[in-house]
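First up is the structure itself, then whatever we jot down about it.
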Amino acid sequence: MKNANSLTAGIIVFPGSNCDRDTFFALTINGFDVKYIWHDFNQLLDFDLVFIPGGFSYGDYLRVGALARFSPVMSSVEKYILNKRGLVLGVCNGFQILTEAGVLPGVLTVNTSHRFICKDVEVEIINYDTPFINNVQKKILTLPIAHKEGRYIVNDNKLDPTNIVLKYKENPNGSFDDVAGIVNEEYNVFGLMPHPERACHGVLGSEDGNYIFQSIRRYLTSAESINN
Amino acid sequence: MIKEKQKTFGFEVKVKLREGILDPQGATTFKVLRRLNYNVESVRFGKSIELEIKEDSYETAKDKAKEIAYKILTNPVLEDFEIIDLNRK
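Chains as they are written, first to last, in the working numbering: chain A, 91 to 318; chain B, 15 to 103.
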């Protein structure tokens, strides 16, 4: 069993990432020993949690997340996921990168309103079985969103309902089936458009996002994650 | 490997959203055109990317262009592409 004081997290920094420092703050106050990882190195990722933060990697040219997925570090992330070394969390641009890399199904594209939306939204927890959510006591979380490309689409509406973790109460961007956050089949990769790291402390106006970090922490220090 | 005798072949990759994928940019432009009383039936936006590829033969260059278009320039969940030969030899 992992000691709660020795949890480590890596935050991947792409050219254009801008939520990396918020994420550093969020993970540090939750007791993680945090390191930044520059995207240009293909290195062994030996962390309990790998975080892909929001921003505009490579200026989001071509498509959102499309160029970042070819960064050398992404092959390390893929190995990390295959080996089930730990958990991967992608927020906003991080979620977009994970879908482009094919780690998570579907794709994110421009909002139906064609506008950048920056506000707090309510999301409902649909699946409590994943490490990212299983210790959250609430049913509805209020989290900030800030994106222009957050409309989730999946081919032929093929998405296993158990993969959906979060749904918007009032769909802000036209996402298929109100999807706000999904996991992969192994439940070790979670991607979401809302920003839990921007709602992790009272000084930020909301602490709802911290339930997610606390859940990850509980999971990593519990017996369930031993075989990882 | 770039060799001296290789030639440069030019291609245009036209990327458009697949049928049935909502194109907000097109939909907005459509609304404005209708408001201006143009009898437009539909508006779809796409993008065009020009590639110059150095290869031994036209066939290999075209295959490479297809590979790039499929693997990198488009996401098959959203987009279709078409390759146009720019005949630059």
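Cβ atoms here follow ideal geometry from the backbone N, Cα and C, with glycine treated the same way.
Practice item. Determine, using beta-carbon pairs with one atom in the stretch 248 to 262 of chain A and one in the stretch 170 to 183 of chain A, whether at least three such pairs fall under 8 Å. Key: Below 8 Å, too few C-beta pairs join the stretch 248 to 262 of chain A and the stretch 170 to 183 of chain A to call them touching: fewer than three.
Ala191 (chain A) and Val140 (chain A) closer than 9 Å at C-beta | Stepping through the first sequence from its first residue, residue 191 (chain A) is reached at position 101. Stepping through the first sequence from its first residue, residue 140 (chain A) is reached at position 50. The Cβ atoms of Ala191 (chain A) and Val140 (chain A) do not sit closer than 9 Å to each other.
**Prompt:** Taking all protein chains shown into account, do 16 or more other C-beta atoms lie within 10 angstroms of the C-beta of Ala79 (chain B), making it buried, or fewer, making it exposed?
**Reply:** Here residue 79 (chain B) is taken as the residue at index 65 of the second sequence, counted from 1. Classification of Ala79 (chain B): buried, given that the 10 Å Cβ count is 16 or more.
- prompt: Using the beta-carbon count (16 or more within 10 Å), is Asn317 (chain A) buried or exposed?
  reply: As a first step, residue 317 (chain A) is located in the first sequence; it is residue number 227 there, counting from the start. Here Asn317 (chain A) scores only 47 on pLDDT, less than 50, and its place in the model is too uncertain to base an answer on.
Practice problem: Quick one: which unbroken alpha helix (DSSP H) runs of 4-plus residues sit fully inside the stretch 22 to 67 of chain B? Chain order, please. | Solution: Those alpha helix (DSSP H) runs which fall completely within the stretch 22 to 67 of chain B and span 4+ residues are 38 to 49.
Please classify Asp322 (chain A) as buried or exposed, where buried requires at least 16 neighbouring CB atoms within 10 angstroms. Nothing can be reported for residue 322 (chain A): it is not among the residues displayed for chain A, which extend from 91 to 318.
In angstroms with no decimal places, state the Cα-to-Cα distance between Val29 (chain B) and Ile63 (chain B).
Position 15 of the second sequence holds residue 29 (chain B). Position 49 of the second sequence holds residue 63 (chain B). Across the structure, Val29 (chain B) and Ile63 (chain B) are spaced so that their CA atoms are roughly 8 Å apart.
| request: In the DSSP assignment, find the alpha helix (DSSP H) that holds Ala191 (chain A) and state where it starts and stops. | output: Position 101 of the first sequence, counted from the first residue, corresponds to residue 191 (chain A). First-last for Ala191 (chain A): undefined, no H or E at that position.
>> Give me the subset of the stretch 177 to 199 of chain A whose CB atoms are less than 9 Å from a CB atom of chain B, sorted by chain position.
In response: Taking a C-beta cut-off of 9 Å against chain B, the contacting residues of the stretch 177 to 199 of chain A are Thr189, Glu190, Pro195, Gly196, Val197 and Thr199, listed in chain order.
With a threshold of 16 other CB atoms inside 10 Å of the CB of Leu134 (chain A), please say whether the residue is buried or exposed.
Indexing the first sequence from 1 puts residue 134 (chain A) at position 44. A residue is called buried when at least 16 other Cβ atoms come within 10 angstroms of its Cβ; Leu134 (chain A) does not meet this threshold and is exposed.
Inset, instruction - State the CB to CB distance for the pair Val178 (chain A) and Val279 (chain A), rounded to an integer number of angstroms; the pair is presumed to be in contact (CB under 8 Å). - result: As a first step, residue 178 (chain A) must be located in the first sequence, where it is residue number 88. As a first step, residue 279 (chain A) must be located in the first sequence, where it is residue number 189. At roughly 4 Å, the Cβ-Cβ gap stays under 8 Å, so Val178 (chain A) and Val279 (chain A) are in contact.
Using only alpha-carbon positions, find the residue among A:Val226, A:Ile272 and A:Gly292 that is nearest to Phe303 (chain A).
Mapped onto the first sequence, residue 303 (chain A) falls at position 213. Ranking A:Val226, A:Ile272 and A:Gly292 by Cα distance to Phe303 (chain A) puts A:Val226 first.
Next on the checklist: In this structure, how does DSSP classify Thr118 (chain A) when only helix, strand and coil are distinguished?
Outcome noted: Walking along the first sequence from the start, residue 118 (chain A) turns up at place 28. If DSSP states are grouped into helix, strand and coil, Thr118 (chain A) belongs with the helices.
Quick one: residues in its chain with C-beta nearer than 7 Å to the C-beta of Gly149 (chain A), no 5 flanking neighbours on either side, listed in chain order? Sequence index remark: in the first sequence, residue 149 (chain A) carries index 59 (1-based). So the qualifying residues of the chain are Gly106.
request  = Determine the direct distance from the alpha carbon of Lys21 (chain B) to that of Lys103 (chain B), and round the result to whole angstroms.
outcome  = Counting from 1 along the second sequence, the entry for residue 103 (chain B) is found at position 89. Counting from 1 along the second sequence, the entry for residue 21 (chain B) is found at position 7. In this prediction, Lys103 (chain B) scores a pLDDT of 48, lower than 50, which makes its location untrustworthy; no coordinate-derived value is stated.
query: Is the distance from the Cβ of Pro143 (chain A) to the Cβ of Asp112 (chain A) below 9 Å?
result: Indexing the first sequence from 1 puts residue 143 (chain A) at position 53. Indexing the first sequence from 1 puts residue 112 (chain A) at position 22. Cβ atoms of Pro143 (chain A) and Asp112 (chain A): closer than 9 Å.
Measuring only the C-alpha atoms, how far is His291 (chain A) from Arg175 (chain A)? Numbered from its first residue, the first sequence carries residue 291 (chain A) at position 201. Numbered from its first residue, the first sequence carries residue 175 (chain A) at position 85. Spanning the two alpha carbons is a distance of roughly 28 Å.
Problem - Within-9 Å CB hit, Gly271 (chain A) to chain B - result: Along the first sequence, read from residue 1 onward, the residue named residue 271 (chain A) stands at position 181. Under the 9 Å criterion on CB atoms, Gly271 (chain A) is classed as non-interfacial with respect to chain B.
For this session: List the residues of chain A whose Cβ lies closer than 8 Å to the Cβ of Thr42 (chain B), in chain order.
Result: On the second sequence, position 28 is the one that residue 42 (chain B) refers to. Here the neighbours are His204.
- Task: Report buried or exposed for Ser56 (chain B), applying the criterion of at least 16 other Cβ atoms within 10 angstroms of its Cβ.
- Result: If you number the second sequence from 1, residue 56 (chain B) lands on position 42. With fewer than 16 other Cβ atoms within 10 Å, it is exposed.
Contact check, Gly271 (chain A) vs Leu256 (chain A), beta carbons under 9 Å: Against the first sequence, residue 271 (chain A) aligns to sequence position 181. Against the first sequence, residue 256 (chain A) aligns to sequence position 166. In this structure, Leu256 (chain A) lies closer than 9 Å to Gly271 (chain A) by Cβ.
Item checked: Closer than 7 Å at the beta carbon, the chain A residues around Ile67 (chain B) -> Numbered from its first residue, the second sequence carries residue 67 (chain B) at position 53. In chain order: nothing, as chain A lies at least about 18 Å away.
Can a CB atom of chain B be found closer than 9 Å to the CB of Phe122 (chain A)? Taking the first residue of the first sequence as 1, we reach residue 122 (chain A) at position 32. For Phe122 (chain A), the closest Cβ of chain B is not nearer than 9 Å.
Worksheet item: In terms of alpha-carbon separation, which member of B:Thr88, B:Lys61 and B:Lys45 lies closest to Val54 (chain B)?
Response: For the purposes of this step, residue 54 (chain B) is identified with residue 40 of the second sequence, where counting begins at 1. If we check each option's Cα against that of Val54 (chain B), B:Lys45 comes out closest.
**Asked** CB Ile187 (chain A) to CB Phe104 (chain A), shorter than 9 Å?
**Response** Stepping through the first sequence from its first residue, residue 187 (chain A) is reached at position 97. Stepping through the first sequence from its first residue, residue 104 (chain A) is reached at position 14. Taking C-beta atoms as the reference points, Ile187 (chain A) and Phe104 (chain A) count as a pair closer than 9 Å.
Review point. What does Phe280 (chain A) pair with, by DSSP beta-bridge criteria?
Key: The residue labelled residue 280 (chain A) in the question sits at position 190 within the first sequence. Per the DSSP secondary-structure output, Phe280 (chain A) pairs in a beta bridge with A:Leu179 and A:Val273.
- prompt: Under the rule that 16 or more other beta-carbon atoms within 10 Å means buried, what is Phe114 (chain A), buried or exposed?
  reply: Looking up residue 114 (chain A) in the first sequence gives position 24. Under this definition Phe114 (chain A) is a buried residue.
>> Please tell me whether Leu47 (chain B) has its Cβ less than 9 Å away from any Cβ of chain A.
In response: Counting from one through the second sequence, the residue named residue 47 (chain B) turns up at place 33. For Leu47 (chain B), no Cβ of chain A is located within less than 9 Å of the residue's own Cβ.
Where does Ser165 (chain A) land, buried or exposed, given buried means 16+ other C-beta within 10 angstroms? By 1-based counting over the first sequence, the position of residue 165 (chain A) is 75. In summary, Ser165 (chain A) is exposed, with fewer than 16 beta-carbon neighbours lying within 10 Å of its beta-carbon over all protein chains present.
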